Structures are given as structure tokens and as C-alpha cells.
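The numbering of the sequence shown is the working numbering, which starts it at 573 and goes up by one.
Here's the structure, in C-alpha cells; my notes come after.
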Amino acid sequence: MIHDLAVIGGGINGAGIAADAAGRGLSVLLAEKSDLGGATSSASSKLIHGGLRYLEHFEFRLVREALEEREVLLANAGHIIWPQRFILPQIAGGRSGLALRAGLFLYDNLGKRRQIPASGAIDLRRDPAGYALRSEVKQGFTYWDCRVDDARLVVLNARAAADRGAAIKTRTLVQSASVEDGLWRIQLKDETGVHEVRARALVNAAGPWVEGVGGRVTDTRHVLPVRLVKGSHIVVPRISGANDAYLCQNADGRVVFAIPYEERFTLIGTTEIAFDGDPAGATISDQEEDYLLDLARQFFVTPPQRSDIVWRYAGVRPLFDEEGGDNASAVSRDYRLELHLKDGAPLLTVLGGKLTTYRRLAEAAMMKLRGHFPQMGRAWTASSPLPGGDLGEGGLDGFIRRLCRMHRGFDAAFLGRLARRYGSCVDDVLGDAEGPADLGATLGAGLTAREVAYLRDKEWAMTPDDVLWRRTKCGLHMSAAQQTAAREALVRLL
């Protein structure tokens, strides 16, 4: 079989392109060397946002596009994307009130708001959001963005692609690619050996490995500059009173988020430092932890200590860097698509981008390739829910109420957690189960053998980490002993 399109990389950009192309009628193969969303795309700040701070760098087009996409994604994936109020405390030595008001006015008006409230001033001495903050922080502003389960966003795009005929190959390394008779001949290596596939066009969406993958494509040179930037996060028990999200300004001009996470935790990040090495080995340093903890101490009455950290992670972004300056925070989060022809066969290279704008990036990729596929259908993803996203009347809350009425044998909190992972696909997880006893063994934190089987069969889960830390966050809710027991059980179940 000859595929129309072969996509290298199963992060958010690769999965988004695969879904878009498959929905336009193209034959698609996606190859990912590890797990879907196994690197950068699951190591984000877990936000679908316009990028308020990008306004300082005059990236108005990027912010407008991201704000528009915020509404589109919230409509199409309301089970894994949730509106969130943010508090922007005003501090001495920080950005002026006038600058903050101007920035928030632009943020409210650059993109049309349908489900997202407007920003406003806030008296932190009276609003409950101020209870978590130090007494000297008296005034500030509120604005709204969205939280997202980033790893599930990747998996759901892969599901959307597979539902439309795409072949999704995880744990599959692209060893080489060359052109023969106008077709790409691609050598894939998986646990069963080396296999060759052929495709009319090739997309390199390998994220921080984009240059290395390019080097394995015969005679292909990547002349565009790529800067690798590491972002690190820590997760701590919920900071007392911090039930809103906070955007904290540091004296160095950078900002750090403190975001409610997984019911009873706070996610703090991100750092941004230059990175040189294998992105697979990226970890948070002691210095980065100190930076995040120090910032928390500047703002919160009961800041976390290093001993409070329950999870830490780091990811590497490949940023398209035209300027080559020293400030990683100032490098654009915009994307760049470069189309080259090798002996008549197209190669599309994806550089940069951000989680929020992946769908627009995928549409732009299809426009780049349209001349090579005249049979390609129209754009479709803007108005089509991702798997599980057709929640019906009342959105997620309405869906959960109906779910609880239909499945009275289950605890409402348990059903709510499933709904926030699977949306309208939750019945595919529960099957014919009438109560907890029908779901098989319990592995901890509400994870059951029935859910694991769904993740294995429908979402390409193959290892304990795929389940505990990406497709669910159950590992975060387990003790060390429970994690060990769950891992042993998952080895048997996967």
C-alpha cells in the first residue's frame, strides 16, 4: 500500500496533522518512536491560552489566533478543556497598572469571546482569591483562559485520525527515508523488526528531534534555526486558599503560573532555559526548583517547600528562532512550515508552535500540501468535536448529571472523573458494567482493569507510565507503594 502522507512524530502537531489529513480523505500513516505525547506535548503548563505575555513582544497575530482557537477547542473538547479564572496580582516594581489594563483590554478584544468572560480589576483584600496571597498584595486583575489535559488532547487527535482510517504506529522509529521513483521509501523499526512503507509526501513533526530526523532523510538540509528551550514544572499539594490560578510576575520580568491541578494540587511553572542535549533526558534542576519555590514565597502566605513536591517534570520546546538573542522568553512561540521537494516528493518540516494553535498549524500544513493532493477535501476540524467532545445540552456539567442518572450503581465522583477523561466515550469504558464490581481489579486512585483494557485497546497504552502519568494522572493520587503495586499489575494487563 502507498500512503498519501507519512507523519513522523506523535506529539500534538503530528497527531493534529494526521487527523486533519485523514479527515480530508488522505491515506495517512503516523510513526512515533515512543508514546503519543510522550515528550514535549505532555510536559506543558496544561493551558489552552492566548499568551498574555506575548503581547509585550507585539505578537498580535499569534495571540489573536490563539484566542480564537481557545474558543474552538473549548467547544470541541469540553471534557478535557475547562475555563479557569486567573489572578494577576499587581506588585511594586512589576508591570504598571496602566500597562496591565492595556494588555488585558487587547486580550479581551483581539479574538471574539463566546464562552470566556472578560477581564477586570479586583480588590484582593476582599475577594476570596486574595486569601492565599501575602498581605502586601492588595490589588490586581482577573482574566480567563483554559486548562487542558495536554496528553489526552494528543491521544484524542490520534483517535480522530484512526477513526478516519489513519494507521497510528507507536514505539516505531523512523530509521531513514529516501526518495525512489517519486515516492518516499521509509524504513520503520518496531519490536518485530524493520519494515518499509511508501508515501507520496512526508511530514517531519518530530518536535525537539526535528533536526535529527531531518538528518536521516537523504540529502535534506534544515537551514532554519531551531532553539531548544527547557521548561520545568513542579506539583505540590494545593496551596492553601489558591483555588484560582495565579500569574505571578518576578523581578526579572518573567512570569510563572500557579494553577489548580487534579482536584487537590497546585502546578507551578514554567522555567525557560536554553537546552543542549537529548530532549528525552530533560529533567528539572535544583536551581529551577529554587526559582519556582522562591517565587511562590514572594506571593503566597503558605508557600510550598521542596519537601512538598510530589511530582516534577521537564520538557524541551523546539522554537523557531530568527533573531538568535539571549532571552529564551522572548523567542516567538509562532510556528514555521517549510516545504521542500526531493526529486519531486514533498517534505514538510514543522518548526515551533504551541499547544493552543496546533489545529491551525495542521490546517496550514494541509494548505502547503494542497498542490500535491488535488483530491484533498475541505477543512473540517473547526466544527467537529474530538472523540468524546459531543457532550450535548449543558456542556460537561449537563453531561455528568445525565451520566449519573444513567449509571446509578456508581459513585458520582468516580463518574465525574471518567467524564473528564473520556466525555461521551465513557460508555465505551464502562461497557455493560452496572457497578464497581463489574469493572475488574482496582489498581488504586479509581483506576480499574476495565479502564486499562480500554486504554490498551483504543488509546495505544503499552506501558505503566502511559496509563499512570499520561492518559490518566492516577499516579499522582497514589502513594509510592500503590504506584509500585499498580505498575506490577499494569505489566500484566497491558
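C-beta atoms are modelled at their ideal positions from N, C-alpha and C, and glycine is treated no differently.
All values derive from a computational prediction rather than experimental measurement.
{"Asked": "Outcome for LYS605 when other beta-carbon atoms lying within 10 angstroms are tallied against a minimum of 16", "Found": "buried"}
{"Asked": "Residues that CYS718 bridges to, as DSSP identifies them", "Found": "ILE620, PRO655"}
{"Asked": "Cβ contact (3+ pairs, closer than 8 Å) linking the segment 628 to 638 and the segment 778 to 787", "Found": "no"}
{"Asked": "Residue range of the beta strand (DSSP E) that includes GLN1054", "Found": "Counting along the chain, GLN1054 falls outside any beta strand (DSSP E), though it belongs to the alpha helix (DSSP H) covering 1052 to 1065."}
{"Asked": "Residues bridged to CYS820 (per DSSP)", "Found": "VAL828"}
{"Asked": "Short Cβ contact (8 Å threshold) for ALA603 with LEU774", "Found": "no"}
{"Asked": "Cβ separation of ALA701 and ILE663, assumed to be a contact under 8 Å, to the nearest whole Å", "Found": "Not quite, the Cβ-Cβ distance comes to about 15 Å (not below 8 Å), so this is no contact."}
{"Asked": "For ALA594, the first and last residue of its enclosing alpha helix (DSSP H)", "Found": "584 to 595"}
{"Asked": "Cut-off 6 Å between Cβ atoms - residues of its own chain near GLN1055, not counting five sequence neighbours on either side", "Found": "GLY1047"}
{"Asked": "Residue closest to ARG1059, alpha-carbon to alpha-carbon, out of ARG1042, GLU631, ASP1037", "Found": "ASP1037"}
{"Asked": "Residues of its chain near ALA1017, where Cβ-Cβ distance is below 7 Å and the 5 sequence neighbours each way are ignored", "Found": "CYS1046, HIS1049, MET1050"}
{"Asked": "Integer-rounded CB distance, given that TYR930 should sit under 8 Å from ILE584", "Found": "4 Å"}
{"Asked": "Whole-number beta carbon distance between VAL751 and ASP915, since they are thought to touch under 8 Å", "Found": "4 Å"}
{"Asked": "For GLU910: DSSP bridge partner residues", "Found": "THR921"}
{"Asked": "Start-to-end residues for the beta strand (DSSP E) that takes in ALA701", "Found": "Taken as a continuous stretch (DSSP letters only), ALA701 belongs to no beta strand (DSSP E), as it is neither H nor E."}
{"Asked": "Cross-strand partners of TYR863 (DSSP beta bridge)", "Found": "In DSSP, TYR863 forms no bridge with anything."}
{"Asked": "Separation of ALA886 from THR843, as counted between CA atoms", "Found": "9 Å"}
{"Asked": "For VAL807 and ARG884, the rounded distance between their alpha carbons", "Found": "6 Å"}
{"Asked": "Inter-stretch contact at 8 Å, needing at least 3 Cβ pairs: the segment 681 to 698 / the segment 617 to 637", "Found": "yes"}
{"Asked": "The beta strand (DSSP E) enclosing ALA984, as first and last residue numbers", "Found": "Counting along the chain, ALA984 falls outside any beta strand (DSSP E), though it belongs to the alpha helix (DSSP H) covering 984 to 994."}
{"Asked": "Reference THR744, options LEU705, ARG772, ASP848, GLY582, closest by Cα", "Found": "GLY582"}
{"Asked": "Per-residue burial, GLU1006 [other beta carbons within 10 Å of its own, 16 or more giving buried]", "Found": "exposed"}
{"Asked": "Candidates VAL644, LEU627, ALA693: closest to ARG657 by CA position", "Found": "ALA693"}
{"Asked": "For ALA690 and ALA671, the rounded distance between their alpha carbons", "Found": "17 Å"}
{"Asked": "Beta-carbon proximity of HIS651 to ARG908, cut-off 8 Å", "Found": "no"}
{"Asked": "Element boundaries [alpha helix (DSSP H), containing ARG1028]", "Found": "1021 to 1030"}
{"Asked": "Selection from ALA1025, MET1034, ALA1013 that minimises the alpha carbon distance to ALA1057", "Found": "ALA1013"}
{"Asked": "Three-state class that DSSP yields for LEU760 in the structure shown", "Found": "strand"}
{"Asked": "VAL922 and ARG706 closer than 8 Å at C-beta", "Found": "no"}
{"Asked": "Residues near ILE688 in its chain [Cβ-Cβ closer than 8 Å; skip 5 each side]", "Found": "ARG642, GLU643, LEU646, PRO655, TRP716, ASP717, CYS718"}
{"Asked": "Contact between the segment 585 to 600 and the segment 721 to 737 (3+ Cβ pairs under 8 Å)", "Found": "yes"}
{"Asked": "As assigned by DSSP and simplified to three states, the class of GLN711", "Found": "strand"}
{"Asked": "Counted within 10 angstroms of its Cβ, other Cβ atoms place LEU676 as buried (16 or more) or exposed", "Found": "buried"}
{"Asked": "Of the residues ARG757, HIS767, ASP906, the one placed nearest GLY623, counting alpha carbons only", "Found": "ASP906"}
{"Asked": "Bridge partners - TYR885, DSSP secondary structure assignment", "Found": "HIS805"}
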